[in-house]
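Chains as they are written, first to last, in the working numbering: chain A, 1 to 569; chain B, 570 to 674.
This is the structure in C-alpha cells:
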C-alpha cells in the first residue's frame, strides 16, 4: 500500500512538473535560449535522469542473478558509451546545432532521402528501447499491487503517451535532473541499509563457493500463477498443492500452476533459460563454461560503447549546453554521475541470490530489486524501503519512456509526415497524433515478449544503434569523404545485419553456444560491416562528396568565438 | 594578398583554409584516438585477462572474489580520470588553434 502511494506520488510529480514546465517553455528555441543558464552539473544530472532506464534500475541486478557476475560488464559498457560520446561526438555535434541525428544527416550530407532513412532507424531503435520500459512497468505494478502484468504495461503506456501528447516532459531539464537524484537515492539507500541490517553478505557458499542456491531452513513456498518448465539440478522431493512428488537429478518437467513446496536445503529448480550454477561458477565475470563467454562479453562491450551515441533520446539533451566545451564538461560529469549509480545494482544481485532463490524457479529474476527489501528485512523497514525502490523504478520507466516517445513522435511528425505542414497548430496536432500512435507497437510487443529479459532487449537497441548511427556520426564528423550514398548503404547494411541476426537467433536454436551468443549480441559482426560499407561505397562514389563538406566540417570543429562557427554566419 | 589571415582562408573555405582545418581535426582526432587506445587497452584487455587467469577467483579481497570486485568497482574512477584529462587536452588544442587564427599581440 505504501509502495502504491509512492508510485502514484512519483508519477503525479512527474506529470505535474512536466505540465507546469510547458507553460514556461513553449518552443525548442525558447528552450534553447532559456537553457543557456543551465550549468553543466544540471545538464549532466538531466542526461543521467533520462538515460538510467528500467535496464539499469531492474535489469542489471536481474541479469546478474540469472547469468552471474558477467552481467556486470553491462553497466561498464553503459558508462563507457559516454566516453565514446565525449571523445568523438559531444562538442562537434553541439557546434553544428543539429537537434537530432536526422538533422545531422541532412545538413552534413545534403540529402533529404538520408534524413528519411535515419528517421526510420530512429523508430526502430526507440521502439526496441521502449518495450523493456513498459515491461518493467508491468512487472513493478504486479509486484506492488498484484494486478496482472498487462495492467501496468497499459497504464504506464497511457500515462506516458498522454503526458507527451499534452506537451509535458519536452526537454524539461530540471525534471530530468530531479529524476536522476531520485533514482540514485532510491537504489543507494536500500542497498546500504540492507547491507548494514544483514551485517554483510549471507549464504556465502551459494554466492562464491561450491553450492547451488538452496531452500532456506523452514523450506521454500512458491506460488506459480502459470505452468512453468523447470529443470531440477538434483534429485528432489517436493509437493504441489499438498501432493508429494519426486524428480530425478537433471530432470526437466513442467510444473502446473499452484503452490510449490520445497523442503529445507533442497537445491532450487531453475526455470527455462537459466543454468543452475554453483557459486564459484556464478561469481566469475567471464568463463567458457557459463553463459558469459569472452565473445559475448566483447560483443556486449562493443555494442554499448558505440551504441550510446546513437540512442535517439540522448543526443537531443546535449543541445541545452551553450557551446562545444560546455558539452564536453557536461559529458565528463555524466561519467561521474553514472559511476555513482552503477555502484549499487550489484548489491541487489548478490543479496538476491542469497535471499530470493525462488526467483530462479519462477524465472522472474528481473524483479529482484523490487522484492529484495521486504525479503531481507521483514516488517515496516523493509516495506518502506520496498516503496522507495518501487518509486525509483517508476521514475526510471517514466523518464526514459517519455524521452524516447518525444523523439519518436518528433521523428514521425517532422521527418516522415510530409506535406501541408506550416501552421504551428497543425504541427502540434501532428506531434500529438504521432505520440499517441507511436506508443501502440511497443505496448503490443511488451505484452507478447514477456519471457525476454529487460537487459537483453536493451542490448538489441544498443546493437542496432551501434551498427547504424555510430558509423554515420563518426565518419560524418571526422571524414570529409563521406557521401550520402555511402552513408545510406552503411545504414541499410548495419540495420539489416544486426536485426537480421537477432531475429535469426530468436527463431533458430543454434547448435554451439558461441554462435548462439553472437546471434543474441551481433554488434561485433554488424558494426565493422556497417563501417566498411560506408567507407567503400563513399570511396566508389568519390565525385559526389558534398561541395559543402568543408564548410560543414568547419562548423563542427572550429572553436567558438573566432567568427568561424555557425553562430556568426 | 599578403593581408589575408588564416581566418579569411578558413572562412572562405579555400584550399589553404582546408589545410588549417584538417590540421585542427587531425590533432583533435589524434587526441581522441590516443585516449581510446589507452582506455581500450586497459578496459578492453580486462575480460581476456580474467578469462586467462581463472586462478584469480581464489583471491579474496574485502570478502569478495577479486575478479568480481575488479569488474564492479575500480574501472569507474578510471573512466572519470580519462574524461578529465581528455577534456583539458582538447581545450588546450582549441586554444592553440585560436592563437593561430587570432595571433596574440
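Glycine included, each C-beta is placed from N, C-alpha and C at the ideal position.
query	result
Identified DSSP bridge partners for residue 624 (chain B)	Note: residue 624 (chain B) sits in no beta bridge, so no partner.
Coil, strand or helix - residue 262 (chain A) by DSSP	strand
Validate contact between the segment 469-476 of chain A and the segment 432-449 of chain A using beta carbons, cut 8 Å, 3 pairs	no
Local Cβ density within 10 Å of residue 636 (chain B), reported as buried at 16 or more and exposed below that	buried
Distance between residue 110 (chain A) and residue 538 (chain A) (C-alpha atoms, nearest Å)	14 Å
Minimum Cβ-Cβ distance from residue 649 (chain B) to chain A less than 8 Å	yes
Residue 314 (chain A) to residue 286 (chain A) span [Cα, whole Å]	30 Å
Rounded distance between the beta-carbons of residue 53 (chain A) and residue 396 (chain A), thought under 8 Å	6 Å
Proximity test, Cβ basis, 8 Å: residue 632 (chain B) and chain C	The structure shown contains no chain C; the protein chains it does contain are A and B.
Below-8 Å beta-carbon distance, residue 35 (chain A) vs any chain B residue	Interpretation of residue 35 (chain A) is limited by its pLDDT of 48, a score under 50 that renders its predicted location unreliable; the figure taken from the coordinates is listed afterwards. With 8 Å as the cut-off, residue 35 (chain A) does not count as an interface residue toward chain B.
Residue 440 (chain A): first and last residue of the uninterrupted beta strand (DSSP E) it sits in	Unbroken run through residue 440 (chain A) is the alpha helix (DSSP H), 440-448; no beta strand (DSSP E).
Cβ contact check for the segment 84-96 of chain A and the segment 317-334 of chain A: 3 or more pairs under 8 Å	yes
Collapsed DSSP secondary structure at residue 98 (chain A) in the structure displayed	coil
CB contact below 8 Å: residue 280 (chain A) versus chain B	yes
Local conformation of residue 657 (chain B) per DSSP, three classes	helix
Closest by C-alpha distance to residue 126 (chain A), when choosing among A:522, A:534, A:504, A:412	A:412
Chain B contact residues for residue 79 (chain A), given Cβ-Cβ distances below 7 Å	645, 648
Three-state class that DSSP yields for residue 244 (chain A) in the structure shown	strand
Contact with chain B by residue 559 (chain A), beta-carbon distance below 8 Å	yes
Same chain, Cβ closer than 8 Å to residue 359 (chain A), five either side skipped, listed in chain order	65, 352, 365, 367, 368, 371
Three-state class that DSSP yields for residue 221 (chain A) in the structure shown	strand
Contacting residues, own chain, Cβ-Cβ under 8 Å from residue 669 (chain B) (five flanking each side not counted)	575, 589
Residue 660 (chain B) at chain A interface by Cβ criterion, 8 Å	yes
Strand pairing of residue 373 (chain A), partner residues [DSSP]	Per DSSP, none; premise fails for residue 373 (chain A).
Element boundaries [alpha helix (DSSP H), containing residue 350 (chain A)]	345-355
Residues bridged to residue 214 (chain A) (per DSSP)	A:267
The segment 147-158 of chain A in contact with the segment 70-85 of chain A per 3-pair CB rule at 8 Å	no
Length of the line joining the Cα atoms of residue 599 (chain A) and residue 242 (chain A)	Residue 599 (chain A) is absent from the structure shown; chain A starts at 1 and stops at 569.
C-beta neighbour in chain B for residue 381 (chain A), strict 8 Å	no
Counted within 10 angstroms of its Cβ, other Cβ atoms place residue 7 (chain A) as buried (16 or more) or exposed	buried
Of the residues A:502, A:528, A:533, the one placed nearest residue 518 (chain A), counting alpha carbons only	A:502
Residue 280 (chain A), enclosing alpha helix (DSSP H) - first and last residue	279-282
Pick from A:554, A:564, A:488 that is closest to residue 541 (chain A), judged by C-alpha positions	A:488
Rounded separation between residue 147 (chain A) and residue 1 (chain A) - CA only	13 Å
Beta-ladder partner(s) of residue 630 (chain B), from DSSP	B:633
Residue from A:564, A:63, A:218 with nearest C-alpha to residue 551 (chain A)	A:564
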